Structure formats: structure tokens, C-alpha cells
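Okay, so here's the structure we're looking at.
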Amino acid sequence: MLYDRRRVSARAPVRVSFVGGGTDFPDFFRDGRTGHVVSAAVDLYCYVDLKDMFDANVRVHHARIETEPTASRITHPYARTALEAHGLFRGVELVITSDVMTTGSGLGASSSVMAALTCAARGLRGDPELSPAELAQTTYRLETEAGTVGGLQDQYATAFGGINSITLSEEGVAVRPLKLAEETIREMGDRMLLVYTNLSRQHNEIQTQLRERITEGDSTRYLDAILQLSYQFLEELERPSVDFGVLAQILDESWARKRELTDAVSNPYVDQLYALLRQHGVIGAKLLGAGGGGFILAIAEAGAQEAVMHRLYPNFIALTIRPTDEGARIVWRNT
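This is the structure:
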């Protein structure tokens, strides 16, 4: 690649999965079954900056800096996989950053990184933009090639943006953007918090355990219960006047069912934090992602969001979030 100073910057939102996680595993929605997830892209992002290098090396900045003669020798699995998949074997420099950590958050940040990598790599090559569905499919394929075990909701959440009802079956994935009342969206921002547990989880280990439980068939009743809760959450969320107490109750019930899937989902530390949140103005909560650590999604009592944040600080960091309609995209380019 000649050094012509091409540069592309891309970003992709992370997501919060309200209810339905686990039913997005292909092992679940087979043999005529259907999975369903309600999720929202939120205003926390993963960022990728990709440009030509002045020499033939490949340099990747993440938790550390790698400089190698070819992309195949880069140890960061997502960077290596994305660069090789797009024929960017030499002469590029890549920077990966995020508003939260890119692994172990429970926010689908890994998929956000791969989606942003795909947007940036295609932009640097001059390839046409993919549709959100195409980007989600490509992201899932590349994540699988990079060795990630997981379901299918994260890729669609970050590619489409917005608040979505995602239905999964052997026929494919259907994404229905939700057109919610403005008051509902405002109240989501005013009452929802992401609380960091101070623990980073082992994503692949927990996802592998869950996949084994699904394959063995002994988790079906728990996932069926979570599936029904996802439809109840959707029904309440689409009402003209939403009862956030009902949403909080469904989150609690979903978390209870999720804890029954595998022992790795929770631990005494997380359970104690959950109890602490309930003592300080939170009316419903669940640990996001595969479990074991990362962020808890919490719904506070009306008007109590700021008080909850102050009561938790400095032992625990709580972040305010708002849904965003923006999906993964290129935000700047000179190509």
C-alpha cells in the first residue's frame, strides 16, 4: 500500500440488553424455536482510527502497542482478523479506544469494536458502505473467526442503533425499530444507570458454559421463561404511558431466571452489590451480558438517579445513559 495519507475514523455504540439474552444463541433458536431480545444502543461508543503507515509495518494501538511486519503477526484477535479479512496486510496503523472497556463489560463492546473495524477498513479501501443487516452479519462472521463464542443480538444492536425488538429464527434475524413515546425515552435517560461491578468477566468461558447447557437441553425451561419476559417487557415499553415499576420488576425476574442458567452468571460479590442497590433507591436491576462481572443495568426510583450515583460513589461508578439512534458508522474520512 502506498503512503497517500488516507485516514478513516469510525465509531459504534454499545448496547444494553433489557431482556431476552441467551435466546439469541443459534443453539436455542433451532428446530423451529424462536429467540427474542429487546435492546437499545446507548450513547457510549467504541472508536477505531485507521490510516496509512509511512512504512510497510502494521501498528496497532490497544491496551498496548504492537508493531509487526504483517497483520498476521498481530496478537489482538479482532484487529488481526479484520485487517486480514479486508486485505490490509501491511502498511496501516490502527487505534482502538472506547468509552468503556472493550472486553468484559457486558455491553456488547466486542461487537461494537468489530463493527467499527469493519466500517473503517471498508472506508480505507474505498468499498461501499454495508447496510445495517449486512454489517451485523459481517461482524458476527468476523467475531466467530476471531474465536468469540456468543449469540447474535450484539451485532445487530450496534449496526442498527436505536431501541429494537430483535427476533431470531432459522430463517434469519428480523429487527423492528421501536417508535416509543418521547416521554418514555426521556424517562429512560432520567432513571436508568449502568453500575460498574469493578469486576471484568471471562466472556468466552461463561458463554461456552451457557452454550453447553443449551445443547444439553437442561436450560430450556429457564430460557423459555426469559423469552416470555422479553415479550412482556416489549408490551409494557410500547404503551403510551409506561410503568417503569413494571419494567423494573421484569428486569428483576429476568435476572432471577438468568442466575439459574449457570453458576458462573453471578457470585456473592455481585449479589451483595445487587442488594446494596435496592437499599439506595434502585427498584430493579440485572447484570448485563454473560454475567460474572461487568455492568449492572439499574432502574432508579423517579427522581432518585443522581442520589443513587452519589450514594455509590466512590466505591462504585454509575453512568447515566441515553438511547441513541446512531448505529456503527464512519464519522470522518479524507479518502
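Numbered per numbering that gives the first Met the number 0, the sequence shown spans residues 0 to 334. For every residue, glycine included, the Cβ atom is placed at its ideal position computed from N, Cα and C. Quick caveat: nothing in here was measured; it's all calculated off a predicted structure.
Expressed to the nearest angstrom, what Euclidean distance is found between the alpha-carbon atoms of residue i and residue j?
i           : j           : result
residue 92  : residue 296 : 35 Å
residue 45  : residue 94  : 11 Å
residue 0   : residue 51  : Note on residue 0: pLDDT 49, under 50, position unreliable in the model; no value is reported.
residue 304 : residue 316 : 13 Å
residue 143 : residue 76  : 11 Å
residue 89  : residue 242 : 54 Å
residue 20  : residue 141 : 21 Å
residue 404 : residue 74  : Outside the displayed span of the chain (0 to 334) sits residue 404, for which this structure offers no information.
residue 335 : residue 56  : Here the chain comprises residues numbered 0 to 334, so residue 335 is not present and cannot be evaluated.
residue 275 : residue 251 : 14 Å
residue 298 : residue 334 : 43 Å
residue 300 : residue 122 : 44 Å
residue 196 : residue 190 : 19 Å
residue 314 : residue 259 : 28 Å
residue 148 : residue 278 : 36 Å
residue 97  : residue 124 : 23 Å
residue 153 : residue 54  : 36 Å
residue 253 : residue 225 : 6 Å
residue 48  : residue 119 : 7 Å
residue 237 : residue 59  : 43 Å
residue 17  : residue 146 : 26 Å
residue 192 : residue 3   : 44 Å
residue 66  : residue 79  : 12 Å
residue 234 : residue 331 : 38 Å
residue 180 : residue 86  : 45 Å
residue 174 : residue 218 : 25 Å
residue 101 : residue 188 : 23 Å
residue 61  : residue 239 : 44 Å
residue 10  : residue 319 : 19 Å
residue 281 : residue 156 : 26 Å
residue 83  : residue 128 : 18 Å
residue 264 : residue 5   : 44 Å
residue 328 : residue 130 : 10 Å
By alpha-carbon positions, which one of the options ends up nearest to residue i?
i           : options            : result
residue 321 : 329, 140, 12       : 12
residue 246 : 307, 257, 229      : 229
residue 158 : 43, 85, 138        : 138
residue 271 : 261, 285, 259      : 285
residue 8   : 308, 64, 116, 227  : 116
residue 221 : 256, 40, 198       : 256
residue 112 : 134, 130, 281      : 134
residue 326 : 132, 63, 254, 225  : 132
residue 194 : 233, 105, 114, 130 : 105
residue 199 : 311, 306, 290      : 290
residue 114 : 136, 99, 103       : 136
residue 42  : 151, 160, 5, 282   : 160
residue 37  : 150, 162, 84       : 162
residue 15  : 28, 312, 293, 182  : 293
residue 25  : 183, 324, 268, 151 : 151
residue 27  : 307, 309, 329, 223 : 223
According to DSSP, simplified to helix, strand and coil, what is residue i?
i           : result
residue 104 : coil
residue 23  : coil
residue 335 : With the chain covering only 0 through 334, there is no way to say anything about residue 335.
residue 4   : coil
residue 12  : strand
Contact the region 23-34 vs the region 68-81: 3+ CB pairs below 8 Å: no
What are the complete alpha helix (DSSP H) segments, minimum 4 residues, inside the region 143-202? 152-159, 181-190
Can you confirm whether the region 274-292 touches the region 156-170 when touching is taken to mean that 3 or more C-beta pairs between the two stretches lie within less than 8 Å? no
As an exercise, report each continuous alpha helix (DSSP H) stretch of at least 4 residues that is fully enclosed by the region 260-329, in chain order. 267-278, 304-311
Ignoring anything shorter than 4 residues or poking outside the region 17-101, list the alpha helix (DSSP H) runs there in chain order. 76-84
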